[in-house]
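Numbering (my numbering), first residue to last: 3 to 146.
Quick notes on the structure that follows.
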Amino acid sequence: MQKTRRAILGTTALAVLAAAASLVPRAVRAQADLLDGKVFVTTEGERGKPADVDNVLTFSGGKFHSKACDQWGYDKGTVKATRAGDAIHFETETRSEKYETRQVWKGVIKGDTIEGTKTVYRKPSFFRPNPDPIEGWFKGALKP
């Protein structure tokens, strides 16, 4: 009797854990779906400086793409997004294997507008063993 009870409890616990684990991918997909299909036309610049780059930021299939960064070989980054009231906060990281750098994008979308920060982490070199990150900003609107 005791062994049967333990077996039932063990099986029930495994079933509950499996059900909970199956919900995680749906939750992650739902977060990425908050932005899927949105395309923004933006301007960017280094922190404290005026805009010097025109860009198009695209969210599709749970990924983020910066058109202006194609020339440096940056990939598409996986999007983490959360809703807070009428705003959607997102974060993503893109990488350039060619230049061994990465960019961390953090932003907020409210209605048809987007704004946020982009931090570029450069590869260390002989003359610059601990390079400072380059901090920048971006803002724009939903592509018509």
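We put the CB at the ideal spot given by N, CA and C, even for glycine.
Quick check: V43 and K145, are their CB atoms within less than 8 Å of each other?
If you number the sequence shown from 1, residue 43 lands on position 41. If you number the sequence shown from 1, residue 145 lands on position 143. A contact, by the Cβ cut-off of 8 Å.
Quick one: grab the DSSP three-state call for A148.
Residue 148 cannot be examined here, being either before or after the span of the chain that is shown, 3 to 146.
Using alpha carbons as the reference points, say which of N132, G64, L36 lies closest to R124.
By 1-based counting over the sequence shown, the position of residue 124 is 122. Of the listed residues, the one whose Cα sits closest to R124 is N132.
Run the CB neighbour count on G64, radius 10 Å, all protein chains shown included, and call it buried at 16 or more, exposed below.
Numbered from 1 along the sequence shown, position 62 holds the residue referred to as residue 64. Counting Cβ neighbours within 10 Å, G64 comes out buried, since at least 16 surround it.
Could you tell me if F140 is buried or exposed, where buried requires 16 or more neighbouring beta carbons within 10 angstroms of its beta carbon?
Taking the sequence shown and counting its residues from 1, one reaches residue 140 at position 138. By the 10 Å Cβ count, F140 comes out buried.
Report the residue from K112, P52, T94 whose alpha carbon sits nearest the alpha carbon of S62.
Taking the first residue of the sequence shown as position 1, residue 62 is located at position 60. The shortest Cα separation from S62 among K112, P52, T94 belongs to T94.
My output table needs one value for D56: the three-state DSSP class, helix, strand or coil.
Within the sequence shown, the letter at position 54 stands for residue 56. Of the three classes helix, strand and coil, the one that applies to D56 here is strand, per DSSP.
What residues match up with R104 in a beta bridge as DSSP calls it?
Here residue 104 is taken as the residue at index 102 of the sequence shown, counted from 1. In the DSSP output, where bridge partners are listed per residue, R104 has R97, Y123.
By Cβ distance, which residues of its chain are closer than 7 Å to K100, with the 5 residues on each side in sequence left out?
In the sequence shown, counting from the first residue as 1, residue 100 sits at position 98. Only W74, G75 meet the Cβ criterion.
Buried or exposed: which applies to S127, given that a residue is buried once 16 or more other Cβ atoms fall within 10 Å of its Cβ?
The count along the sequence shown starts at 1 and reaches residue 127 at position 125. Under this definition S127 is an exposed residue.
Quick one: give me the first and last residue of the beta strand (DSSP E) that K82 is part of.
Position 80 of the sequence shown, counted from the start, is the residue given in the question as residue 82. Its beta strand (DSSP E) spans residues 82 to 86.
Less than 8 Å between the CB atoms is what I'm expecting for I116 and G142, so what's the real figure, rounded?
For the purposes of this step, residue 116 is taken as residue 114 along the sequence shown, with counting starting at 1. For the purposes of this step, residue 142 is taken as residue 140 along the sequence shown, with counting starting at 1. Contact holds; Cβ gap of about 5 Å.
Locate the beta strand (DSSP E) running through G142, then write down its first and last residues.
Mapped onto the sequence shown, residue 142 falls at position 140. Looking at the DSSP string, the run of the beta strand (DSSP E) that includes G142 is 136 to 144.
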